[in-house]
Amino acid sequence: MKSIMFRGSAILKKRSKAGILMRILVTRRPFNSMIKTGIYRKIYMRHIKKIYNEYPTPVRVNIEATNLCNADCVMCPRDSHTRKQNIMSVDLFKKIIDDLSEIKTIKEATLSGFGEPFIDKNILEKIKYCKDKTGWKTMIFTNGIFLDESKMQRLIDSGLDVINFSFNGGTKETFEEVMKINFETTKNNIENFVKYRNKVNAKKPFVIVSCILNSKNINDEAPFREMWDNVVDQTIVVTPHNWMGGISSDIVQIGGANKNSFPCRMILEPFINWDGAVSLCCRDYNKFTDFGSVNEKSFIDVWNSEKYKIFRDNHAEGKFESICARCDIPFKEGPTKWWEPV
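Take any residue in the sequence shown, count from 1 to its spot, add 172: that is its number in this note's numbering.
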């Protein structure tokens, strides 16, 4: 489906008055205030609803291998966790994958959640099972400290498509202040894995190193990029979100957020906790939204439950409930392309 942005670009080439107006609406500059009310919002809400109605089932899925973690990052809401911490069993994981493999709209899966996936001794087996069963694009987030030489070939053999190393600092001092893990070990493991992958001529996984800027490492973007830009496939630097108030405001208040929120596409990206409970999305760190358990039902039965469907329908209409009313993700993400789920 082409969005209003792409239709607008064709009009723009004609240099018509309609094209000039479309440019204003799409680029949001220099008349950003115009989108806050009126016709733009009405048109784009209609666009969102149209996409939403075309996807009666999820487009992506997040499966939490474990919520245990060895790090203690200052911008993570782990201190606010009240849910139990453990590791998803292999049997439950396979049941989930078997269920989800029947859903044709799903194209991608993230196999990590609010923990360090390599704490799960079966994580590589789980990745391989998912890839062999579904063929989805798969991804994990890890701090990398447990990725030693003994796991490198097995990780490549698992078929994992993308590995994102969270490396939240550009110097030893800020990295260790932010993450509370050893700088040298983590850095060496990432570098050694990239060297090994290249040595064996493996095309996957694609290696990303990401940094979340916060009040502790706000000046680290330049040294971070200098450290990694020529080593890995991609570097990403972002600012943190507010975790619905789950972390201290002095950590996340870097610049202002756009309070003109559109519905969030993550209502099509469910999060399955390590214990089988299905939550709304990967931002729900404490299982605030619990729509049912895949231990007791199939995933599709949970997805089609009245409680879950009403929640999604209300959200697509712009009626934000529960964690959505306190989350800044839709505020910080511009609507253009954000609602293009596949």
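Even glycine gets a Cβ: it sits at the ideal position worked out from N, Cα and C.
- Residue 409: member of the beta strand (DSSP E) spanning 406-410, first to last residue.
- Distance from the CA atom of residue 495 to the CA atom of residue 478, rounded to whole angstroms, is 19 angstroms.
- Secondary structure note for residue 370: its alpha helix (DSSP H) is the uninterrupted segment 355-371.
- Look at the beta carbons and you see the segment 210-222 touching the segment 433-452: at least three pairs across the two are nearer than 8 angstroms.
- Leaving aside the five residues that flank residue 289 on each side, the residues in its chain whose CB is nearer than 6 angstroms to its CB run, in chain order, 237, 295, 312, 314.
- Inclusion of residue 247 and residue 384 in the CB contact set at 7 angstroms is warranted, their separation being smaller than that value.
- Residue 378 and residue 405 have their C-alpha atoms roughly 6 angstroms apart.
- Taken atom to atom, the span from the alpha-carbon of residue 390 to that of residue 411 is near 9 angstroms.
- Distance check between residue 467 and each of 263, 251, 258 places 263 closest, using alpha-carbon atoms only.
- Listed in chain order, the non-local C-beta contacts of residue 449 below 7 angstroms within the same chain comprise 459, 462, 465, local neighbours out to five positions each way being set aside.
- Taking every protein chain shown into account, the CB of residue 362 has 16 or more other CB atoms within 10 angstroms, so this residue is buried.
- Rounded to the nearest whole angstrom, the C-alpha separation of residue 284 and residue 300 is 14 angstroms.
- Apart from sequence neighbours up to five positions away, the residues of its chain that approach residue 279 with a beta-carbon distance below 8 angstroms are 231, 232, 308, 309, 514, ordered along the chain.
- Distances from the alpha-carbon of residue 229 to those of 439, 408, 469, 352 put 439 closest.
- Less than 7 angstroms separates the beta-carbon of residue 234 from that of residue 443.
- By the Cβ neighbour-count rule, residue 489 is exposed, with fewer than 16 other Cβ atoms within 10 Å of its own.
- Taking the Cα of residue 306 as reference, the smallest distance to any Cα among 319, 269, 365 is reached at 269.
- Membership of residue 281 in the beta strand (DSSP E) is indicated by the continuous run 280-282.
- Distance from the CA of residue 276 to the CA of residue 484, rounded to the nearest whole angstrom, comes to 19 angstroms.
- Pairing residue 323 with residue 349 gives a Cβ-Cβ distance that is not under 7 angstroms.
- Annotation for residue 311: the continuous beta strand (DSSP E) segment containing it runs 309-314.
- Residue environment analysis places residue 447 among the buried positions, since at least 16 neighbouring C-beta atoms fall within 10 angstroms of its C-beta.
- The beta carbons of residue 392 and residue 341 sit about 5 angstroms from each other, so the pair counts as a contact at 8 angstroms.
- Across the structure, residue 493 and residue 281 are spaced so that their CA atoms are roughly 25 angstroms apart.
- A direct Cα-Cα distance of roughly 30 angstroms separates residue 265 from residue 486.
- Closest in alpha carbon position to residue 257, among 498, 353, 286, 399, is 286.
- For residue 496, no beta strand (DSSP E) encloses it, and the DSSP letter there is neither H nor E.
- In terms of Cβ geometry, residue 358 and residue 316 form a close pair [threshold 7 angstroms].
- Looking only at 242, 457, 273, 255, the smallest Cα-Cα distance to residue 472 is reached by 273.
- Per DSSP, residue 295 is one residue of the alpha helix (DSSP H) stretching across 295-306.
- For residue 471, the enclosing alpha helix (DSSP H) has its first and last residue at 471-475.
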